[in-house]
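Data first, discussion second: the structure below is written as structure tokens.
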Amino acid sequence: MTSDFTPDDPAGAVDHPDTGPTGDPAGDAGPTRGPAGTIGPAGHIDPALPAESAQDAEFPVPDLDEPVEVIVDRWGVPHIYASSARDGFLAQGFNAARDRLFQIDLWLRRGNGRLAEVLGEAYLEQDRANRLFRYRGGIEAEWASYAAGTREAVEAFATGVNAYISWACEEPGRLPPEFHLHGYRPRLWSAEDYVRFRTHGLFYNAEQELARSITLREFGTEAEAIRQAREPADPLQVPEGTDLQVFSEEVLRVYRLAFSPVAFAGEPEPGHAGETLSGSNNWVVSGERTSTGRPVLANDPHRAVTLPSLRYLAHLSTPAFDVIGAGEPGLPGISIGHNDAIAFGLTIWPADQEDLFVYETRPGDGGQYRYRGEWTPFEEHTEEIGIAGGKTAAVTLRFTRHGPVIYEDTGRGVAVALKAAWLEPGMVPYLASLGYMNARNADDFLAALRHWGAPGVNQIYATPDGDFGWQPAARIPRRKGWDGSVPVPGDGRYEWDGWWDLADFPSLRRPEQGWFASANEMNLPAGHDNTEQTVTYDWYSYARATRLREWLGGSGGISVEESAAMQWDDLSVHAVELLRVLDVEGATPRHEEFRRLRAWDGRTQAASREALVFEVWARRHLRPRLVETVLGIQGLSPQAIEEAKRYLLKDESFGGDLRGDLRMAALLGQYDPQALRNVVEHTLPAALEEIRGLLGEDTASWSWGAVHHTALEHPAFTGRTGIPAEWARLGPVPRGGTGDTVGLAGYDGTFRQTIGFSFRMALDVGDWDRSLTMNAPGQSGDPRSRHYADQFGPWLRGETFPLVYSRQAVEDNAGFRFTLMPAAR
46 MTSDFTPDDP AGAVDHPDTG PTGDPAGDAG PTRGPAGTIG PAGHIDPALP AESAQDAEFP
106 VPDLDEPVEV IVDRWGVPHI YASSARDGFL AQGFNAARDR LFQIDLWLRR GNGRLAEVLG
166 EAYLEQDRAN RLFRYRGGIE AEWASYAAGT REAVEAFATG VNAYISWACE EPGRLPPEFH
226 LHGYRPRLWS AEDYVRFRTH GLFYNAEQEL ARSITLREFG TEAEAIRQAR EPADPLQVPE
286 GTDLQVFSEE VLRVYRLAFS PVAFAGEPEP GHAGETLSGS NNWVVSGERT STGRPVLAND
346 PHRAVTLPSL RYLAHLSTPA FDVIGAGEPG LPGISIGHND AIAFGLTIWP ADQEDLFVYE
406 TRPGDGGQYR YRGEWTPFEE HTEEIGIAGG KTAAVTLRFT RHGPVIYEDT GRGVAVALKA
466 AWLEPGMVPY LASLGYMNAR NADDFLAALR HWGAPGVNQI YATPDGDFGW QPAARIPRRK
526 GWDGSVPVPG DGRYEWDGWW DLADFPSLRR PEQGWFASAN EMNLPAGHDN TEQTVTYDWY
586 SYARATRLRE WLGGSGGISV EESAAMQWDD LSVHAVELLR VLDVEGATPR HEEFRRLRAW
646 DGRTQAASRE ALVFEVWARR HLRPRLVETV LGIQGLSPQA IEEAKRYLLK DESFGGDLRG
706 DLRMAALLGQ YDPQALRNVV EHTLPAALEE IRGLLGEDTA SWSWGAVHHT ALEHPAFTGR
766 TGIPAEWARL GPVPRGGTGD TVGLAGYDGT FRQTIGFSFR MALDVGDWDR SLTMNAPGQS
826 GDPRSRHYAD QFGPWLRGET FPLVYSRQAV EDNAGFRFTL MPAAR
């Protein structure tokens, strides 16, 4: 692995950050960019990650009150031992920067609209988009919305990150190589910077509102039912005054650009709607149904699989709390894990926290919109955005009383704004987890969830004494007379009327069945009136939930090891169900390949030939033909059907929802069984021909893993020369699973996995050292680290490692250690 290369030096990388950690000028003492072409001594990069190269290293850290010991175990998990909560959070920030500095800095730059100042003018539009979605309320109201101590925790964390930045910039070769490659240095960030931006969250349902409006207008209600299952099946009504003619894909261009990851090659472009999707599994099992008599809690969040990973494992041990688990690398605390008294985990509960509002703008004066019969001026803010090279550009941000203006059509005289719960105080994604890290029992944990705002989540918990349960948490607006499924006029007829309380949501505590599981499915109880108290109508597929319920409802004896294995499960229950629906009595398809699929058990392991045939056929051949046939019966023209495919043919990149396919097959089987058989018999040969083109004529060698694969790429290194190949890309490696298996592995048009779990855990509640975890491809985001990719292979093999917790277990598995020492102030 080489440690020297000539870095690119984009003109105009910022001279120095204009504010320090408290908002005061950083001055020359801050991390500054060196002379052109000399970032670090002659472009030199230290070959090893600081602290890994020497045992018992010490780092001087300003603002630290007492020494902090950090033991990094052999899997790269830091165990931080501090004498106070403040020192613990400060050390967490320092250590997070040690492992993930480039990721954290880029995360903050994107969200706060500061990319152009280091990457150039091409990022100006993305910066404007992100500034449009920053929280603009009072900072005191923001801090007051979280649990006590949150402000102090974020300030300490930011101080720790900045301390590492300042230390690293003393000898720039210490900095991660991405900074050298792109020619800039990290910025000193204030605590306020961490809570002002929100576009790193998972929010719903502006994308669904737009897609639904276009689908209803162009293709009708049956096409919409195919596109997105409506659960519960309450009637869909377009609110009075909503003009569906307004909507096009351009309406969400700015919104999508704000949420898009940073593209280091070419012009930034708005991400696909699917990139906002996510998912997860979690379950909790009573000790009465486990092999040990202790509760088991398991959680595997599904996010984009990236290099580096999106979550980071850490252990914080202070007199105030002793908590271990995973969180966002750039935020303090732990959101998924356990302390010594309670375990906790979460999955997305896709609560509707967004609404699109449409306004009539004043003819001849685009600076006003109609509200309650009067013309009201837009609120406007002009901001200067720095551009690499020393230039600046002024951008104008517009707002209505509901929120940021994301689209204007002067020809039609309309504007569209987004009202979002997540732009309110106290809505930084996952930050409210700071409130439950020191919970001593279930009551404490549930009380802390009153502060939870975003994203909507299924929280589960378990205690060593046997308490366990489920509590969804989200800040969801009250809507009277409308449900948020489609956009509404912004003229005052449709307004939010406060928020639903946590007590208004369904919940379970010690359920009789002895377990609870969630997988982002519609899990509202039968008595819940979603027309009155709307959570959402846009839930994820119930395929994973069905599989989990089948497993958990068995004979019992669930173990941590079995839970970890289930997180890797590759049974596609909806594949089996779809094949059954296609096999209509009296009209069974005669194709030999269909008979083979009907005998298949639905397992989608990498070695499976049937999984290959099903995935290529069902998603790339059968689905388009079903859409053509069903919409043709509905009376749509061939031209309209081709256009409808843009909305009805699912993007497999971020999921594998087969609910629409099941609906179409069932409708066609009932309406015309012979037509359904013809669809199967015409599409299966085409799928087999495509596979031959991919894998050749030797059908005995065909397997799902021959096409479906995992390959992780670091976007900052992609396409660059002169760097080690293993820094830029890991894989490709064959991969099992699909977008609707419990072990989720959604994929793109090249069959490359795009979503799944990188972090997972299975906790033995009470005997904590027996807990298992995984964070892939590794704990560190710095390619010089031994923990950059050490878990890539074990992850792909379905392995885990111990989530050691007790001091003795940590000592027994120590990899290296270092100490943070108070520096002279």
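Using my numbering, you'd call the opening residue of the sequence shown number 46 and step up by one each time.
Think of the CB as a built atom: it goes at the ideal place given N, C-alpha and C, for glycine as much as any other residue.
ILE116 and PHE139 have their C-alpha atoms some 14 Å from each other. Note on geometry: alpha-carbon atoms of GLU655 and GLU771 lie some 33 Å from one another.
When secondary structure is reduced to three states using DSSP, PRO346 falls in the strand class. Residues of the same chain with a CB within less than 8 Å of the CB of LEU623, apart from the 5 flanking positions on each side, are ALA663, LEU703, ASP706, LEU707, ALA710 in chain order. Put simply, of GLY526, LEU547, PHE550 the residue whose alpha carbon is nearest the alpha carbon of TRP541 is GLY526. Comparing C-alpha distances from ASP489 to each of LEU841, GLN612, ALA386 shows the shortest one belongs to ALA386.
At the C-beta level, ARG154 and LEU442 stay beyond 9 Å of one another.
Sequence-distant partners of ALA310 (beyond 5 residues in either direction) whose C-beta falls short of 7 Å from its own C-beta, in its chain, are THR763, GLY764. Within the same chain, HIS124, VAL849, VAL855, ASN858, ALA859, GLY860 come within 7 Å of ASP118 by CB-CB distance, once the 5 residues on both sides are set aside. Secondary structure at ALA770: helix, using DSSP grouped into helix, strand and coil. DSSP, reduced to helix, strand and coil, places MET866 within a strand of the structure shown.
When Cβ pairs closer than 8 Å are counted between the two stretches, the segment 170–189 is seen not to touch the segment 253–266, the count staying below three.
Using a Cβ-Cβ distance cut-off of 8 Å, the segment 458–466 and the segment 405–414 are in contact, since at least three pairs of beta carbons, one from each stretch, lie closer than that value.
Where ILE678 is concerned, the enclosing alpha helix (DSSP H) starts and stops at 668–678. Secondary structure at GLY514: strand, using DSSP grouped into helix, strand and coil. For LYS436, there is no enclosing alpha helix (DSSP H); the enclosing beta strand (DSSP E) has its first and last residue at 436–444. DSSP, read as helix, strand or coil, puts ASN327 in strand.
Leaving aside the five residues that flank ASP812 on each side, the residues in its chain whose CB is nearer than 8 Å to its CB run, in chain order, THR337, ARG339. Within the same chain, Cβ atoms closer than 6 Å to the Cβ of ALA303 are found at ALA174, ASN175, PHE178, THR244, the five residues on either side in sequence being excluded. For the segment 581–651, the full-length alpha helix (DSSP H) segments reaching 4 residues or more read 588–597, 605–611, 618–627, 637–643 along the chain. Annotation for GLY543: ARG523 place their beta carbon closer than 7 Å to its own, counting only its chain and skipping 5 residues before and after. Sequence-distant Cβ neighbours of VAL502 in its own chain, meaning closer than 8 Å and more than five residues away, are LEU391, THR392, ILE393, TRP394, PRO517, ALA518, ALA519. Between GLU726 and the set LEU712, THR649, ARG691, GLU638, the nearest pair of CA atoms involves GLU638. Positions of the alpha helix (DSSP H) runs, each at least 4 residues long and wholly inside the segment 443–515, are given as 487–493 in order along the chain. Take PRO509, set aside five residues on each side of it, and the residues of its chain with a beta-carbon closer than 6 Å to its own are VAL810, GLY811, in chain order. In the three-state reduction of the DSSP assignment, SER803 falls in the coil class, being assigned neither a helical nor a strand state.
Taking each of PHE550, LEU164, TRP560 in turn and checking the Cα distance to PRO313, the smallest one comes out for LEU164.
In the three-state scheme derived from DSSP, where H, G and I count as helix and E and B as strand, VAL122 is classed as coil. Judged by DSSP in its simplified three-state form, ALA732 adopts helix. Taking THR335 as the centre and dropping the five residues before and after it, the same chain places the C-beta of VAL341, GLY601, GLY602, ILE603, SER604 closer than 8 Å to its C-beta, in chain order.
Counting only the Cα atoms, ASP367 lies some 20 Å from PHE513. If you draw a straight line from the Cα of SER530 to the Cα of VAL291, it is about 16 Å long. Residue environment: SER354 is assigned as buried (16 or more neighbouring CB atoms within 10 Å of its CB, all protein chains considered). Taking the C-beta atoms as reference points, TRP515 is found no nearer than 9 Å to VAL330. For THR266, the three-state secondary structure derived from DSSP is helix. Contact annotation, SER825 with GLY121: C-beta distance approximately 6 Å; criterion of less than 8 Å satisfied.
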